[in-house]
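Note sheet for the following structure.
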Amino acid sequence: MSAAHVAGTSARRADGIAKVTGAARYAIDMSVPGMAHAIVVRSTRAHARITGIEREAAAAGPGVLRVVTGDDLLAAGFIPYYGHVVLDHPVLAIGRVRFHGEPVALVVAETRREAAEAAERVEVAYEELPAVIDASEALEPGAPILHETRGERVGDEGFDEGEGELGRNVCAIARVAWGDVDAAFARAHLVVEGEYRYPMLYGYAMEPYNALAFFDQGDLVVYSSAQHVYMVRRDLARMFHLPLARVRVIAPYVGGGYGTKSYTKVEGMTAAAAHFTRRPVKLDLSVEEAIHTTRSASAWIRARSAFTADGKLLAREFDIVMNSGAYTDNSPLVNSKTANRCFGPYRIPALRVVARSAFTNTVPASSLRGFGAPQGNIAGELQMDEAAAKLGIDPVELRLLNLLGPGEELLPGKRPLDADLRDDLRCLADALDWPGATLGHSIGLGISASDAGAYPTSTAAVRIHSDSSVTLFTGSTELGQGSRTVLAQIVAEELGVPLGAVSVVAGDTGVVTYERTTGASRTTTVTGRAVQEACRDARRRVRALAAAAFDAAVDSIEDTAGGIRAAGRDRSFGEVIERWFGAGGEVLGHGAVRRAEHFAKMPPFWEIGCTGLEISVDRETGIVDVHKLTTVGDVGFAINPALVHGQDAGAATMGLGAALREELVYEGTQLVNPNVVDYRVPRFGDLPDRMEHLLAERRDGSGPYGAKGAGEGAGNTVGAAVASALGRLLGAFPHELPATPERVWRLIRDAQAADQARDQPAGRGRDTPPDRTT
Amino acid sequence: MGAREIVLRLNGVERPVQVEDQALLIELVRGLGLVGTKQSCDAQVCGTCTVLLDGRPVSSCTTLAIEADGRRVETIEGVADGPALHPLQEAFIERFAFQCGYCTPGMIVSAKALLEERPEPDRDEVRRWMDGNICRCTGYETIVEAVLDAAERMRSTP
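For the record, the sequence lines run as chains S and B.
For the first sequence, counting from 1, position 684 maps to 1519 in our numbering; every step adds exactly one.
For the second sequence, counting from 1, position 62 maps to 112 in our numbering; every step adds exactly one.
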């Protein structure tokens, strides 16, 4: 429509100047007059009954306004629990704590320092209960039980099958099955089997969770670091018995999300403090507290895969146990996504997956970038490499032989595959010079297709002003992904106005239109469609105005870039608007998408992961060096290629962190590394020598111009790719991530010991454990 | 709990301020409305809170405010020259060297100190100098490119 397309160009970020000058405002930067400050008192027990909270001494401290507990919320008649699936997460502990670090009370004072000093004087008496940290142990008979009754079910995410077996700490069960698995294994030429572990992670969004809450004439207003402002609004409205319209949740710029800021975190307790003190209250968590707020689920997977002699998959079986921590949060969805994402986009005649998510006395697990995919991928993709090694088939060829083609069904009844995975993989292998020629180096690569968990409820509004400039209203939050830029590009493309004439208002439930979440890579695809609809609606209205203003038949009016053509003359939007109103005025267009038409079939799109890397290992230290990292972004159409590259680079780097270094470690009942010193995320020094980001644009997505989501895929396959590269280099495939220097060093030693044992059959048997005396 | 008056040169302007003895430099600058300086790890690890003290990068989360007495403090708000962006800021925009932007003030301030000390750094020098600044969004490559780009611009336009 417009002569110069803006969709498909690497237009500069709309938030550029704000972010490089320090002018961008995040929730943590917000303040209002009369604001008080809160500090959380946290449990020092992993599992205990609270027998008393002594708050007099703290309440008498200088500047202290109030010490708030869970019982206060109960007594006030509020609903003191939250959760978007199951209402079981106490805003503040009620009678019992279920993990070390759980919020027990909130001290509110005039200053943060006064609140912190008083918090030291809150005495909580506990009667300790047995605790369980390991997920498999939690599922054993006789394990301590975390929840005797299930909280009220308020959402339908992820419960493939239910809520049975609560007596065994089962948070959720998901099953995927088809074909005759046992028969397929019985006739297999090769069966590969093993146990795999994926670590507990902390997303480390650099802005820790924070909120500022106050009541304004009975309306609750909350500034928050949340990704999903509308989800938080629902939780708060329920908690305080308020109509949705009287809760306003505002997320200005968000300092990193990656899923970790999905759903409610500290907003409920901050709002409760504002209620009880009748003051605006600000609560900023430290990083250590943020680590004690949300982590990702670790996974233990027992997997086996059956192959024919020529490498065709016959069957796969996965038994998965995930550690979901103390409360439900998003674990049912994470669990079912792990079940869906572990076996890979392959033609599998028979499949049996059972995933169980277990409650434990640990930090509650919830969303983190790509959830379920990286956890499952370590088993599913690595077994492709292990099988290739045993069958003597090239791992790329083995994948090509089994990959599903475009239009084929990966899950029965779901949207057929909207991607050409074989082509993506060939492209990746070529870019990495597979199989590689550098001595001492090894290439690992992998592929994944995730059923994007983006329920397609999305709305948008555009206002065309009397000078033809446009304001877009969207409930999608700018987390750094560039939503304001991409959505503005879509508006400019649809209406044919300059990008500089488009402004985006986002992330304020009191102002913008409804958006279900900002997650699962939905914004470009799903929100983008709603934005297109809003633009079309606005154009329809402009045509109607033009018909009246210029006395023309509506169907004689044509759309042009930036306006219409009526009675043989081009008119800008502004001219039409001003003519119709007489002076000033504007046109409002509304767009909505739902689970129908375009998005009738779930998932709304398949998110593709296609990443590989070239590594080497220092055999003395076990340190892995990454020489090259390549991503293929199969995004259908890159509305802003530079932003897609940014998503791919970021996701792949996060994947590298989990593959090589990151792991939350429990010793006893406490986290031993809840800080950025001991929990080591990637740094400049870890940057691969070369990064390359390729795009596969086939316009096969359901979003605008054939686009589909990005942002998770590139990280999903990195863990398995590292493990497979190590396996080919060292002769033994690591089954546990991260591949820390110590684990790699042990792997080298164990492989050497196995070699020696093979060379000296009269000596040690092959099963003898390696010497561990050094 | 003592308090005293100190005088610092904040982004080029002499400022007498009353500070408590135990107040941190980050609390001082953010308390003065310069909230571009961000807090994150509280442990001098992530570099998000970096400001320049007499031209040297420091973590303002672990520096006492009173240490700034009689010294020059530069925050992200002082990097641009009025509406004219610093070459680093321009390069960060052109190279897409940020996403959420939370670490960006610390990145730009650190990089500014680097380029003042080493106007022609190579890629490895940039990586080493910036190793104390964590970014969770970008994967770092675009930041390295932006710093190298800015160095070149600064050399060609003195």
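Note that the Cβ used here is the ideal one computed from N, Cα and C, for glycine as well.
- E1313, L1314, G1315, Q1316, G1317: these are the residues of the stretch 1310-1339 of chain S whose beta carbon lies less than 9 Å from some beta carbon of chain B, given in chain order.
- Chain B places no beta carbon closer than 9 Å to that of S/I888, leaving this residue out of the contacts.
- The beta-carbon distance between S/C1262 and S/A1531, rounded to whole angstroms, is 6 Å. This is short enough to meet the 8 Å contact definition.
- Between S/D1255 and S/F1440 a beta carbon distance of about 14 Å is seen, past the 8 Å cut, so the two are scored as non-contacting.
- The C-beta separation of S/G1554 from S/L1572 comes to about 5 Å, placing the pair in contact by the 8 Å criterion.
- When C-beta atoms of the stretch 925-945 of chain S are compared with those of the stretch 846-857 of chain S, fewer than three pairs fall below 8 Å, so the two segments do not count as touching.
- If only uninterrupted beta strand (DSSP E) runs of at least 3 residues are considered, none is enclosed by the stretch 1227-1269 of chain S.
- Using a CB distance cut-off of 9 Å, B/G62 does not count as an interface residue toward chain S.
- Looking from the CA of S/D1054, the closest CA among S/Y1037, S/Y916, S/A1542, S/A1072 belongs to S/A1072.
- Under the Cβ criterion of 9 Å, B/T188 is counted among the residues facing chain S.
- Residue pairing by DSSP places S/N1158 opposite S/S1133, S/A1193 in a beta bridge.
- Using a C-beta cut-off of 8 Å, the stretch 1179-1191 of chain S makes no contact with the stretch 1475-1486 of chain S, since fewer than three inter-stretch Cβ pairs fall below that distance.
- The residues L74, I76, Q89, D92, Q94, C99, in chain order, have a CB closer than 7 Å to that of B/C111 in the same chain once the five nearest residues on each side in sequence are set aside.
- The continuous beta strand (DSSP E) containing B/P107 extends over residues 106-109.
- If you look at S/G1481, you'll find it in the alpha helix (DSSP H) that goes 1476-1495.
- The beta carbon of S/D1460 sits no closer than 9 Å to any beta carbon of chain B.
- Taking 9 Å as the threshold, the shortest C-beta distance from S/R1518 to chain B falls below it.
- Closest in alpha carbon position to S/E945, among S/F1385, S/R901, S/G986, S/E1028, is S/R901.
- If you look at S/V1326, you'll find it in the alpha helix (DSSP H) that goes 1318-1330.
- In the three-state scheme derived from DSSP, where H, G and I count as helix and E and B as strand, B/I193 is classed as helix.
- The stretch 1274-1282 of chain S makes contact with the stretch 1557-1565 of chain S: 3 or more CB pairs, one atom from each, lie closer than 8 Å.
- Note on S/L1274: under 16 other CB atoms within 10 angstroms of its CB, so exposed under the neighbour-count rule.
- Distance from the CA atom of S/I1136 to the CA atom of S/F1153, rounded to whole angstroms, is 7 Å.
- In the three-state reduction of the DSSP assignment, B/L58 falls in the strand class.
- A straight-line Cα-Cα distance of about 24 Å links S/A1109 and S/V1347.
- Contact between the stretch 1169-1187 of chain S and the stretch 1087-1104 of chain S is absent: fewer than 3 CB-CB pairs across the two stretches fall below 8 Å.
- For the C-beta of S/M1041, the chain B residues within less than 9 Å are, from N- to C-terminus, K88, S90, C91, C96, T98, C150, Y152, C153, I184, C185, R186, C187.
- In this structure, S/S878 keeps its C-beta atom at 9 Å or more from the C-beta atom of S/E955.
- Taking C-beta atoms as the reference points, S/P1291 and S/V1428 count as a pair closer than 9 Å.
- Fewer than three pairs of CB atoms, one per stretch, sit closer than 8 Å, so the stretch 1142-1149 of chain S makes no contact with the stretch 962-971 of chain S.
- Within the stretch 1451-1478 of chain S, the runs of beta strand (DSSP E) at least 3 residues long that lie entirely inside it are, in chain order, 1459-1469.
- S/E1124 is positioned such that its CB atom lies closer than 9 Å to that of S/Y1044.
- Residues of the stretch 850-871 of chain S that bring their beta carbon within less than 8 Å of a beta carbon in chain B comprise D850, G851, I852, A853, K854, V855, T856, G857, A858, A859, R860, Y861, I863, D864, in sequence order.
- Scanning the stretch 1139-1186 of chain S from its first residue to its last, the whole beta strand (DSSP E) runs of 3-plus residues come out as 1148-1160.
- In this structure, S/T1309 lies near S/V1339, with their beta-carbon atoms less than 9 Å apart.
- For S/S1121, the residues of chain B that pass the 7 Å Cβ criterion are D92, in the order they occur in the chain.
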